[in-house]
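Novice: Residue numbers (our numbering): 216 to 481.
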């Protein structure tokens, strides 16, 4: 299940005490010897396995920043993001127990305290998806002072899919298109009311993805509102809610959403 592999730590949320993280910076963790290291765009990758085994992923990761900048018009990350990657689950678990003993186990993690963001993952069957998902969080939070939870997760769900498949081959798409046939529209206001990641279940991840897909690939007005919403956040100007902004720009929002997915070709 999607929700079982997501655990996005925000230090400001108090989920883990700052004291447990304050000494753990990318510099201090990366100072130990890693068998393989390389840069991939904004990402400094540290791995205990040969990184050339995933050359396609690193090429894609090098372009992830560009994709976010072009599609969302958010600033590029001003600092490198560190990826700590492990071949074995057991090694990954032991590493987290050593450096972050209070963090509950998840298959992939994004952690940011006072320094650059850090992504941790091991080579599970969903390794590439996990890396793209958590790295999207890292880029967003390196560019913006805050990101609403449902937008954060919706964007990460969208960009976790391989670049050539994002728009047309997400695992969420068939369910959303089927629902649209029966005039079922995800409740965006309900998504906006979620403040705790524990309340994001499989349905909520799928619905957040659906609204992001609509705003990226649907009417131009929807994309403009997403871009202006994120720009307001970046300017530290109260952005309002996306539901209000979209409804104001498109009074027929429900029908526009349904038309988008009813007519979207796979």
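A virtual CB, placed ideally from N, CA and C, is assigned to each residue, including glycine.
Between the alpha carbons of residue 390 and residue 290, how many angstroms are there, rounded?
Specialist: Cα to Cα, the separation comes out at about 33 Å.
Novice: Buried or exposed for residue 469, going by 16 or more other Cβ atoms inside 10 Å?
Specialist: The residue is exposed, with fewer than 16 neighbouring Cβ atoms inside 10 Å.
Novice: For the alpha helix (DSSP H) containing residue 253, list its first residue and its last residue.
Specialist: Segment 251-255 is the beta strand (DSSP E) holding residue 253; no alpha helix (DSSP H) there.
Novice: If I follow the unbroken alpha helix (DSSP H) through residue 391, where does it start and stop?
Specialist: Note, residue 391: alpha helix (DSSP H), 388-396.
Novice: Between the region 293-303 and the region 382-399, are three or more C-beta pairs nearer than 8 Å?
Specialist: Verdict: no, contact absent.
Novice: In whole angstroms, give me the CA-to-CA distance for residue 256 and residue 279.
Specialist: Computed Cα separation, rounded: 8 Å.
Novice: Would you decide whether residue 327 is buried or exposed? Buried here means 16 or more other CB atoms lie within 10 Å of its CB.
Specialist: That one is buried.
Novice: Provide the residue span of the alpha helix (DSSP H) that contains residue 335, from first to last.
Specialist: Not the alpha helix (DSSP H): residue 335 falls in the beta strand (DSSP E), residues 333-337.
Novice: My output table needs one value for residue 343: the three-state DSSP class, helix, strand or coil.
Specialist: Of the three classes helix, strand and coil, the one that applies to residue 343 here is helix, per DSSP.
Novice: When burial is assigned at 16 or more other CB atoms within 10 Å of the CB, is residue 376 buried or exposed?
Specialist: Counting Cβ neighbours within 10 Å, residue 376 comes out buried, since at least 16 surround it.
Novice: Short of 6 Å in beta carbon distance, which residues of its chain neighbour residue 334, apart from the five on each side in sequence? Order them along the chain.
Specialist: So the qualifying residues of the chain are 298, 325, 349, 350, 353.
Novice: For residue 385, count neighbouring C-beta atoms within 10 Å of its own C-beta (all shown protein chains included) and say buried if the count is 16 or more, exposed if not.
Specialist: The residue is buried, with at least 16 neighbouring Cβ atoms inside 10 Å.
Novice: Which residues share a DSSP beta bridge with residue 297?
Specialist: Answer by DSSP bridge pairing, in chain order: 259, 333.
Novice: Quick check on residue 312: buried or exposed, where buried means 16 or more other Cβ atoms within 10 Å of its Cβ?
Specialist: By the 10 Å Cβ count, residue 312 comes out exposed.
Novice: Specify the secondary structure class of residue 474 as computed by DSSP and reduced to three states.
Specialist: Here residue 474 sits in helix by DSSP.
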